[in-house]
Every structure is written in structure tokens, then in C-alpha cells.
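K.L.:
Provided herewith is a single structure, encoded as C-alpha cells, for subsequent inquiry.
Chains as they are written, first to last, in our numbering: chain A, 1 to 265; chain B, 1001 to 1329; chain C, 2001 to 2272.
Structure, rendered in C-alpha cells:
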């Protein structure tokens, strides 16, 4: 069974290696975003304006570089895949595959993630290092905690994407809601501006939403803005959100499968 | 009468980049591409008079589509001259295109998202067709091609046969004097083919539209064309009335004889046995040397004949001869 | 001459009419778009406010001025997306032979490409742009005099021409590479960063690049700086920028048109 998943992952990896030009433009686009963001922070901190901040210019630079880098690895194509397959009416044939559908999509996305690690993340870090110096983590220990936190982040993001894909089964006519979710996540995850800079009221609300645990949590660990205890607590919250989202997804998926197979897609 | 299409010494050169396999090969072909020149069309000349229906046929890769694209102004020739209705498509594309109707079997010219009628309305404006002629044409075309039922259907929802009829109508709206048809009946059922062939015969008869037909469907050619031009390897191999070409290439006929009982000696000096299946024997004989009735008489003296039929060679047989004798490299 | 213009106008208006009808058929699909676009852009300006409030004005650009700039860039983008969205599909059309059909019609090919699809959905981008711009104009003290309005219109037209020139040139590369390589996302990101944020934030050589080589600075940054008497970075140009932008726009558009014509010639010689 696992072999089947590995095959899907491997195939995705191999096909991606052939899409060289697409990768090139993707890296270039992300590079522009990275450069523009760092320049903006440099302008904000100019003349010592940010000296009172807990985050130094170096911190926020590293934060931004890492944020964009991990965004290329957090591959959640499942939301678009599901949406377009529903639109084209192909989803029903996928249901007849012998292996669970969502697991298939996950395997594909993981394959894409591995290739992105090589094709996109690596070049981005190299370029960033040339422009801004190597974005070191605050300590090796922090780096070690950062890695599993990233995986938890990915899980949350992927589950959210799968849920959004699920919505498409019910309200496809409203368009691809994945775009809406992405625009919300972009802001509330702290991926562009860390939530620590936002007003208190926003930060309080955000604690009860899953979004800040996708980017701000691992990135905060990386730059050392969170103590070890805080980090572990956050990771526990990450795990909790994964559990919640998984249950919602499982329930939703079962109902949706029933509805689709009865209706015939 | 002035020729409506005149082509002289047409040449189209293609540059092919050789791609090598493997990683080293890919890098090499990126930095030092190996280019070879090759003439897709290698010196073609012909002229077509108004009102002819000409079949332009040949195997794949022979240079047919390339020639058509040059005639319609989509491609520029490397050498040679083209004049359509007295104008060179390269010199004045817009003027030439006004007089042409072009139908590509594989790709529609209709606007995918629009309803059929809306596509027509758009074409009326693009070709600046005056209201009176437009409505007349549209009425006739709708009638003959039976478009009433799907005038308001988006083009992307049409069946192949419907789309083909729509395409043909679209190509005739602006009353062109020349109609190019590239694989117009491909994928269509017998009824649809029949309707389209009738339509082509009609417009040629009533309006004198010159038709150039490119197709692999030799039934189309047989039914419609008075003249065929056969291309192979970028050159013209045959050009003339369909009857004489068939006669020239396949000067024999087939006599199929069914015997009452098996026989030993089937040979005859007047014909050759091509095939034998049980009691059925296929004899091939030269039209010039002996007539069918004479052969039948000669054979019935020797053989106990149950049944006979005579088969004429058709265009397909003739074309196969052409391909045989001018085999590609 | 007049009859040609009439001809082209008649065809363009027919296309526009049909485009609206088509796009109005399934209005519900726009729902996700209607949600996403405002969220994206309003949160964008919100984050700028947070940064400016917490740190300082960006190179002398305070929040009202930043808002003005952001809105102006967004309106310019929105109008472009309405009229010129087909410039994004040039490489697709080259690959699947779409230009063959255009060559068979007695009209200019580039015109057919651009006029055949009026993307009214782009207006959804314009609306937050207008809101943000008008708000920014208010708090920045922009004077709505007739002269200013005239200048604004010229700037918008020039900005759209510059954008069209950029995407046309990028798409025309496909005539030679014959490959499906979309630089559209890349160009859009570059445009967003240079037209909705102050160009003066970037290193000098980038400012020079976006002024003299790929003049996207003229789309909204320089005009905004001129309107608000704000710091235009290291580059100082004489005369009013509102005059420069349409001029630059026309020049760029003509150059891009020439490149496109050259590309078409190559297409016609090499086939697809």
C-alpha cells in the first residue's frame, strides 16, 4: 500500500524536474517578493526607528526570507486539484481508485514538496544569502525544534486546503474558494507582517484561530523570538488544531462521498 | 480566362534543430544547436481556373498544409510567387483574405464561447458585409446546411457534424470566390458527409466558387473533384483530370469470378490471377488489351462460372500507385 | 481612414457587447473573486498602516501618501486587466496556432488579439482601488481641480499603455521560443511592487532600472510623487510627470507594437 503512495510521490517529483522554465519563473517571482519585502523592512527600520523592537532588522530579514522559502515548500495543490476536477466532472472516476482519494492527493503534494525543496527553496536561500547574508537560525537547538514545527504547520495548511476543496463539492458555483482562504491565511498567519506588530485586539483573536500557528509559530522559533517553553506550547496547539481539522475533514469527507456517489458526480 | 490561383516555383524551407538525448545532449543542443535545412515545399507550380473543384492530395508530410497556408497568407514562402485573384497574399494579406473562405477540419474558426449566430454576427462586421447580402447568404446557408436547430447553441457545445456545418457556413458568409477546405469531412458520419458534399457541389454550380479540397478521404475526391493534384515530398507528382490520372496510373480492371466447383487450371493468357479465396478468384486485366465481356467469354469456356462482377479501379488504387512509385526516403 | 476607424470600432463594440453577455451568464462564479480581491488589497493597505504606525514614514512617504500611491497603482492595474487581458495569452496562442485564425481575417492581428475579450471581471479589481485611492486623496489633501483630474486621466492612460507594452513584449518572446513559458506571474509581482509601493525604497540601481529601462516607475510612483510633492527617490526629472507618463506610455506601446509585428513576421516565416 505504501508502495503505491511512494510511486505517486515519485512520479510527481520526476514530472516536476522537467518543468524547468516554470520553476525558473516561480523562483524569480518569489525572489522579487523577498527582495521587495526586505527592502521595505529596511526602509521601516531606517535611522534607528526600530531599535526598541523585540525584533531587530536582522531578525525580520531572516523571518521574511524563511517565510517565503517555506511558502514554496508548503504545497497544497489539493484545493485546486479538487476544485478543477469537480468543475470538469472528473472527480467521480477518481473515487473508484483502490486507494483513498485524499491520501492520493496528499502523496502528490508531498512529491511536489520534495521537488520544491530542491527546485525552489534551495535557490531562494542561496540568492537570499548573496543579497542579505546567510539567514542563520538563532541557535542550533531552535533549528531542531523549528523543523517538526514546520511539519505541523504543513499539516494544518494541508488540512485547511482539503477542507476548502471539500466546500467545492457543495458550492462549486461560487468559484474557487481556495483563493479566499489563501488571502486570509496570507495576512493572519503572520507570513508577511508578523502578528506581534499587529494591534493587541487582533493578536488576541488570532490566538483562537489556526492561522498564526502555520507561519508565525515555526518562524518565531527559528529567529529565537520564542522561548523553548513557549515553542513547545505552540507546537501543542498546532497538534490540537491538526486533530480538530482532521476530525472535521473526516466527517465532511464521509458525507460528501455519500452525496457524490448517490448523485453520480 | 484569368487563373484565379497561380503558383510558380513555390519553395518553403524549414530549419530543423536536431535535439540530442541525454543530459549532455540537451546542454549541447542548447549551446550549439545543430540546424539542418529541409524543403517542405520544393518547387511547386500550378494554376487553377475559376469554377474548378480541385483535390489537393498527398501523404502526410508531403507539403499539402504548408502550401495551403502559403496560399492563404498564413505562411510566407521562401521562394516563388503566389497570386490569388491576382493579388499576392504576402503583399496584401487583408485584400486576399476578403476573397477567401477557409475551413480547417481540425480547428474551428468559430468563436468558442459565443453562440453560433453571434459568431456570424461578428463575422458580418469583420468582413464588412452589407446587410442585404448578409441576410440573403445567412438565410440560404441556414437552410441548406440546416442550422436552425443550433443557431443559439454555444459553439463549444456543438457536435462535430454541427460544428463543421457551422464552420462551412461561416466561411461562405462573405461570398468568397475561393473556398479552401482542409479535411472538411473528417470524423463525420455518412449523412453529414453527404450533406456537405452536396453543399459544395451546389455552391460551385450556382455561384461558381472555386474549391480547393485537401483531404485523405478519397470518396470526397471522387465525388467532388474534376481535377486532382497529387503532391509528394514537396513536389507535384500528378496534375490533371481525375479520370485520366486514374486511367494512367491504374490502367487495369478487376474481374471477380465465383466458381460452381473447384478447378485446377485457372490460368488464362489475357489476365493474371491476383487472389484466390476458396471458389472466388480475382483476375486483373489490362483495359487496353481486352474488354470485360471478351474475358468473361474466354473464361467461361474453361471454367464453370457461378457469378461474375467487374471492379473499376478508383482513386484510392491510383493514389496507392503514386505512393508506391514515389516512395519517401 | 475614417471608414477604417468606423470598421474597427464596430467590431470592437460587438466583441465588448458579447463579452458582457457571456460574463453575466454565470455571475455566481464571481463570488469567490468578489471576496478575495477586497480582502487581499484592503489587508495590504492595512499592513502598510501597521508598519508606518509602528515604525516611521517610509522614505518620507506617510500613510496618506502611501494610500494614494497604492490606490492609484491598483486602479491602473484594474483598468488594464479589463481591456488588455488577452496580452497574457499570447504564448498560448502561438503554441496552439490561434494566430492562424486571426491571419485569415481582413483586420490587424494585434487589434483582434486585444479587442476580442473585454474582461469586465477586472472591474472587481478597480473597486477597492478606487475606494483606497479616493480615501488616500482625501487624507493626503489632494486637490480635485479640473487640471488635476485631467492630469490623472493622462497618467492612467499612460500607465495602461506601459503595462500593455510590457506584457505584449513578454508574450512576443513566444514567437521565437515557441514554448509555453509564462512570465505573466513574474511581471505582475514586479508591477505590484513597483507601482503600489514607493520606488524610492529600493536600491538605486533598481530605481534606475524601473525609470530608464523598464519604465514602470512612471505608471504611478512618479506621478504620485508629483501630485503630492513627495520624495521621488534619487531620480529627478524635469517638467511635470503627468506629461511624461502618457508620452512614455505611447513610446513603449509603439515599441511593443513593433516587436509584435516583428514576431508575427517570424511566425509567418517559420510556421508553428
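Where is the CB? At the ideal position from N, CA and C, for every residue including glycine.
1. Might you give, ordered along the chain, the residues of its own chain that have their beta carbon closer than 7 angstroms to the beta carbon of residue 27 of chain A, omitting 5 neighbours on each side?
2. Residues of chain C with CB closer than 7 angstroms to the CB of residue 1113 of chain B, please, in chain order.
3. Would you mind reading off the limits of the beta strand (DSSP E) that contains residue 1241 of chain B?
4. Could I get the ranges of all uninterrupted alpha helix (DSSP H) runs contained in the segment 140-175 of chain A, with 4 residues as the minimum, in chain order?
5. Counting only the same chain and skipping the five closest in sequence on each side, list residues whose C-beta sits under 6 angstroms from that of residue 1183 of chain B.
6. Could you name the residues of the same chain whose beta carbon sits closer than 6 angstroms to that of residue 2233 of chain C, not counting the 5 residues immediately before and after it, in chain order?
7. Just the C-alpha distance for residue 1161 of chain B and residue 1150 of chain B, rounded to the nearest angstrom, thanks.
8. Taking residue 242 of chain A as the reference, which of A:40, A:211, A:227 and A:230 has the closest Cα?
9. For the 8 angstroms Cβ check, are there 3 or more pairs between the segment 2033-2053 of chain C and the segment 2119-2139 of chain C?
10. Could you check whether the Cβ of residue 88 of chain A sits closer than 9 angstroms to any Cβ belonging to chain C?
11. Less than 8 angstroms between the CB atoms is what I'm expecting for residue 1318 of chain B and residue 1245 of chain B, so what's the real figure, rounded?
12. What runs of the alpha helix (DSSP H), each 4 residues or longer, lie entirely inside the segment 1149-1229 of chain B?
13. To which residues of the same chain is residue 117 of chain A closer than 8 angstroms at the C-beta, ignoring the five residues directly before and after it?
14. I need the straight-line Cα distance from residue 2121 of chain C to residue 2023 of chain C, nearest angstrom please.
15. Step through the CB atoms of chain C and report whether any lies within less than 9 angstroms of the CB of residue 1413 of chain B.
16. Using 10 angstroms around the beta-carbon of residue 113 of chain A, count the other beta-carbons present and answer buried if the total reaches 16, otherwise exposed.
17. Closer than 8 angstroms by beta-carbon distance: list the chain B residues that pair up with residue 2107 of chain C, in chain order.
18. Under 8 angstroms: do the segment 55-69 of chain A and the segment 128-139 of chain A share three or more Cβ pairs, one atom per stretch?
19. Going along chain A, which residues have a C-beta under 7 angstroms from residue 2189 of chain C?
20. Does DSSP put residue 18 of chain A in a helix, in a strand, or in coil?
21. Between the segment 2252-2270 of chain C and the segment 2188-2197 of chain C, are three or more C-beta pairs nearer than 8 angstroms?
22. I want to verify the contact list: residues of chain A whose CB lies under 9 angstroms from the CB of residue 2093 of chain C, in sequence order.
23. Mind checking the segment 2033-2064 of chain C against chain A and listing, in chain order, the residues whose C-beta falls within less than 7 angstroms of any C-beta there?
24. Three-state secondary structure (DSSP) at residue 1276 of chain B?
25. Should residue 1269 of chain B go down as buried or exposed, given a rule of 16 or more other Cβ atoms within 10 Å for buried?
26. How far does the beta strand (DSSP E) with residue 1104 of chain B in it reach, from first residue to last?
27. With distances taken between CB atoms, is the gap from residue 217 of chain A to residue 149 of chain A smaller than 9 angstroms?
28. Determine whether the Cβ of residue 183 of chain A lies closer than 9 angstroms to any Cβ atom of chain D.
29. Alpha carbons only, please: which of B:1091, B:1114 and B:1085 is nearest the one belonging to residue 1100 of chain B?
30. Closer than 8 angstroms is the cut-off here; do at least three beta carbon pairs connect the segment 2100-2120 of chain C with the segment 2059-2068 of chain C?
31. Would you give the residue range spanned by the alpha helix (DSSP H) that residue 179 of chain A belongs to?
32. Is the separation between the beta-carbon of residue 1173 of chain B and that of residue 1124 of chain B shorter than 9 angstroms?
33. In the DSSP output, what is residue 1079 of chain B paired with across the bridge?
34. Just the Cα atoms here: how many angstroms apart are residue 258 of chain A and residue 184 of chain A?
35. Scan the segment 38-71 of chain A for residues whose Cβ lies nearer than 9 angstroms to a Cβ of chain C and list them as they occur along the chain.
36. Contact criterion: CB-CB distance below 9 angstroms. Does residue 2101 of chain C meet it with respect to chain B?
P.N.:
Once the coordinates are examined:
1. 120, 123 and 124
2. 2022
3. 1235-1241
4. 140-171
5. Cβ contact annotation for residue 1183 of chain B (same chain, cutoff 6 angstroms, sequence separation greater than five): 1105 and 1215, in chain order.
6. 2199, 2200 and 2207
7. 11 angstroms
8. Checked all of A:40, A:211, A:227 and A:230; the closest Cα to residue 242 of chain A is A:211.
9. In short, these stretches touch, since the Cβ pair count reaches three.
10. no
11. 6 angstroms
12. 1160-1172, 1190-1207 and 1218-1224
13. 73
14. 8 angstroms
15. The structure shown does not extend to residue 1413 of chain B, since chain B spans only 1001 to 1329, so no value can be given for it.
16. buried
17. 1094 and 1126
18. yes
19. 29, 32 and 33
20. Residue placement at residue 18 of chain A is flagged as unreliable, the pLDDT there being 47, under the threshold of 50; a coordinate-derived value is accordingly withheld.
21. no
22. Correct list: empty, because the minimum Cβ distance to chain A is about 18 angstroms.
23. 2033, 2035, 2036, 2039, 2040, 2043, 2047, 2050, 2051, 2054, 2055, 2056, 2058 and 2059
24. strand
25. exposed
26. 1100-1104
27. yes
28. Going by chain labels, chain D is absent from the structure shown, which instead holds the protein chains A, B and C.
29. Of B:1091, B:1114 and B:1085, the smallest CA-CA separation from residue 1100 of chain B is found for B:1085.
30. With a cut-off of 8 angstroms, the segment 2059-2068 of chain C and the segment 2100-2120 of chain C do not count as touching, because too few Cβ pairs lie within range.
31. 178-188
32. Their beta carbons are under 9 angstroms apart, which means residue 1173 of chain B touches residue 1124 of chain B by this criterion.
33. B:1011
34. 30 angstroms
35. 39, 40, 41, 42, 43, 44, 45, 46, 47, 49, 50 and 53
36. At least one CB of chain B lies nearer than 9 angstroms to the CB of residue 2101 of chain C.
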